[in-house]
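Visitor: Would you mind keeping the following structure in view while I ask a few things?
Next comes the structure, spelled out in structure tokens:
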């Protein structure tokens, strides 16, 4: 069972978090189910970039991004080669280290 390590994020998980994961679950669903309230303005339909994460370790074990996700990622703040939309990134069989960027591009944030 892989572990997903969320690096500390000032607002969402100040201490960081280590979570046991089942393969085939999205990074976003895993985070939300374990108290890491990552934004997902489009309700996980791959129509925004608010759930953008950077996979620092284990990137190659994720499912491959499709063209729609790649197009959306082009609009993400702080895009890096290891960027994924967490609502689309399925956890594989390897441990992951995930960074949630400090900023998102969200016109209406529910977290004031």
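In UniProt numbering, the protein residues as written are 1 to 112.
Don't be surprised by glycine CBs; every beta carbon is placed ideally from N, CA and C.
Treat the numbers as computed from the prediction; the structure is a model and nothing was measured.
Put residue 90 into one of helix, strand or coil per three-state DSSP.
Guide: strand
Visitor: Using only the alpha-carbon positions, how far apart do residue 89 and residue 10 sit?
Guide: 23 Å
Visitor: Hey, how far is the Cα of residue 101 from the Cα of residue 1?
Guide: 26 Å
Visitor: Given that a residue counts as buried once 16 or more other Cβ atoms are within 10 Å of its Cβ, and exposed if not, what is residue 33?
Guide: exposed
Visitor: Checking 8 Å against the spacing of the C-beta atoms, do residue 95 and residue 57 come in under that value?
Guide: yes
Visitor: Measure the CB-CB distance between residue 84 and residue 36 and report whether it falls below 8 Å.
Guide: Between residue 84 and residue 36, the gap from beta carbon to beta carbon reaches 8 Å or more.
Visitor: Just list the alpha helix (DSSP H) runs in the UniProt domain "2Fe-2S ferredoxin-type" (2–104), keeping only unbroken ones of 4 residues or longer that don't cross its boundaries, in chain order.
Guide: If we require 4 residues or more, the alpha helix (DSSP H) runs fully inside the UniProt domain "2Fe-2S ferredoxin-type" (2–104) come out as 27–33 and 67–73.
Visitor: Roughly how many whole angstroms lie between the Cα atoms of residue 3 and residue 27?
Guide: 11 Å
Visitor: Rounded to the nearest angstrom, what separates residue 12 and residue 69 at their Cα positions?
Guide: 23 Å
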